[in-house]
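Peer 1:
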Amino acid sequence: MYMPIKKSNKIKSLIWYHTLDLGNGNLTPGIYDHRRYLRFYGIPDDLSGKKVLDVGTASGFFAFEMEKRGAEVTATELKKWQDHDFGPLYVPDKPIKVLQSYLHEPFDLAKRIFRSKVKKKKINVYQLSPKSIGIFDITFCSSVLLHLRDPVKALWRIRTVTKEMAVIATGIHQDSEREPMAFFMGNRGGDTWWLPNKACLEAMVESAGFKRWEWYSEFQLDYGDGSQGMLHGVIHAFPI
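Numbering-wise, the numbering used here puts 226 at position 226 of the sequence shown, and it's gapless, one number per residue.
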């Protein structure tokens, strides 16, 4: 696929959360490259006929991947950068105008290049409801909960819009304690709050109203440049 110089330069000028293969060797310079971790999420190979919600889509890697697998996908993202669950210690590392662009422009450009039909809705996870966004067979939420002051409320809202299964991936604390515990990180920059252990994430899922759950995987999500990232866990939660 030939890519015009103007579009190629636009790709390079943006900040990409995800590495995306735009065709013919054109890769976006993502902060994370999820292609090598895709198997850890347990996304069904065939999503034909399924309605899927991608919560906190960022550059859209998972939304576009699930569309490729046959799903009708709706992706959510915050309307404004300032809508994040930041605390008073948070200090932006870039101008807000640049961060606002990071929030939406990469996804929008990739959608045009892919000629994707993914629907994007600007909404906070705390606002999810059948009335505000609808009901989905599968809800996907990756690397969002750790950035929320109230992850239980977010899981509760996710459960209300999930018909069959929620795929929940988040940073987890590495301990073997059976008692539910979470490591607090809110004093380390104001943009990351909680790292639950496995027992805690299970308890959070249960308290949100899910009836059963299954652990799918644990893996270390390293950065795209190879530097060490955070331990992640993936749990599949079922509302019935």
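All C-beta atoms in this analysis are idealised placements derived from N, C-alpha and C, irrespective of residue type, glycine included. As the structure is a prediction and not an experimental result, all values here were calculated from the model.
For valine 251, count the other beta carbons within 10 Å of its own beta carbon; 16 or more makes it buried, fewer makes it exposed. Which is it?
Peer 2: Given a span of 1 to 240 for the chain in the structure shown, any question on residue 251 remains unanswerable.
Peer 1: For the beta strand (DSSP E) containing tyrosine 102, list its first residue and its last residue.
Peer 2: Careful: tyrosine 102 lies outside any beta strand (DSSP E), inside the alpha helix (DSSP H) at 96-114.
Peer 1: Buried or exposed: which applies to serine 207, given that a residue is buried once 16 or more other Cβ atoms fall within 10 Å of its Cβ?
Peer 2: With fewer than 16 Cβ atoms within 10 Å of its Cβ, serine 207 is classed as exposed.
Peer 1: Could you give the first and the last residue of the continuous beta strand (DSSP E) run that contains glutamate 77?
Peer 2: Its beta strand (DSSP E) spans residues 72-77.
Peer 1: Between the alpha carbons of leucine 146 and isoleucine 113, how many angstroms are there, rounded?
Peer 2: Roughly 31 Å between the two C-alpha positions.
Peer 1: Which residue's Cα is closest to the Cα of asparagine 190: Asp85, Ile168 and Arg115?
Peer 2: What sits at residue 190 in the sequence shown is glycine, not asparagine. It is Asp85 whose Cα lies nearest to the Cα of glycine 190.
Peer 1: Near glycine 209, what residues of its chain come up, given a Cβ to Cβ distance below 6 Å and the 5 sequence neighbours on each side ignored?
Peer 2: Cβ neighbours of glycine 209 beyond the five flanking positions: Arg159.
Peer 1: Would you mind sorting tryptophan 215 into buried or exposed? The rule is 16 or more other CB atoms within 10 Å of its CB.
Peer 2: Label assigned to tryptophan 215: exposed.
Peer 1: Sorted by chain position, which residues of the same chain lie with C-beta nearer than 7 Å to lysine 153's C-beta, five sequence neighbours on each side aside?
Peer 2: The answer, listed in chain order, is Tyr126.
Peer 1: Going by DSSP in three states, valine 161 sits in which element: helix, strand or coil?
Peer 2: In the structure shown, valine 161 sits in coil (DSSP, three-state: anything other than H, G, I, E or B).
Peer 1: What separation, rounded to the nearest whole angstrom, lies between the Cα atoms of glutamine 74 and lysine 121?
Peer 2: What sits at residue 74 in the sequence shown is threonine, not glutamine. Each residue's Cα considered, the two are about 7 Å apart.
Peer 1: If we count the other Cβ atoms within 10 Å of its Cβ and call it buried at 16 or more, is phenylalanine 184 buried or exposed?
Peer 2: Exposed is the call here.
Peer 1: Determine the contact status of histidine 236 and methionine 165, defining contact as a CB-CB distance below 7 Å.
Peer 2: Against a cut-off of 7 Å, the Cβ pair of methionine 165 and histidine 236 comes out as a contact.
Peer 1: By DSSP, does leucine 53 sit in helix, in strand, or in coil?
Peer 2: Looking at leucine 53 - three-state DSSP - the assignment turns out to be strand.
Peer 1: Looking at the strands, I want to know which residues DSSP matches up with alanine 166.
Peer 2: Paired residues: Thr139 and Ala237.
Peer 1: Just to confirm my understanding: we take asparagine 199, look at its own chain, exclude 5 residues before and 5 after, and list those with CB closer than 8 Å. What are they?
Peer 2: Looking at the sequence shown, residue 199 is not asparagine but alanine. Closer than 8 Å at Cβ, skipping near neighbours: Glu177, Arg178, Glu179, Pro180 and Met181.
Peer 1: Can you check which of these residues, Asp45, Gln174 and Gly171, is closest to glutamate 65 by C-alpha distance?
Peer 2: Looking at the Cα atoms, Asp45 is the closest of the given residues.
Peer 1: Measuring only the C-alpha atoms, how far is aspartate 137 from leucine 201?
Peer 2: Roughly 22 Å between the two C-alpha positions.
Peer 1: Assuming lysine 117 is part of the beta strand (DSSP E), what are its boundary residues?
Peer 2: No beta strand (DSSP E) contains lysine 117, which DSSP labels as neither H nor E.
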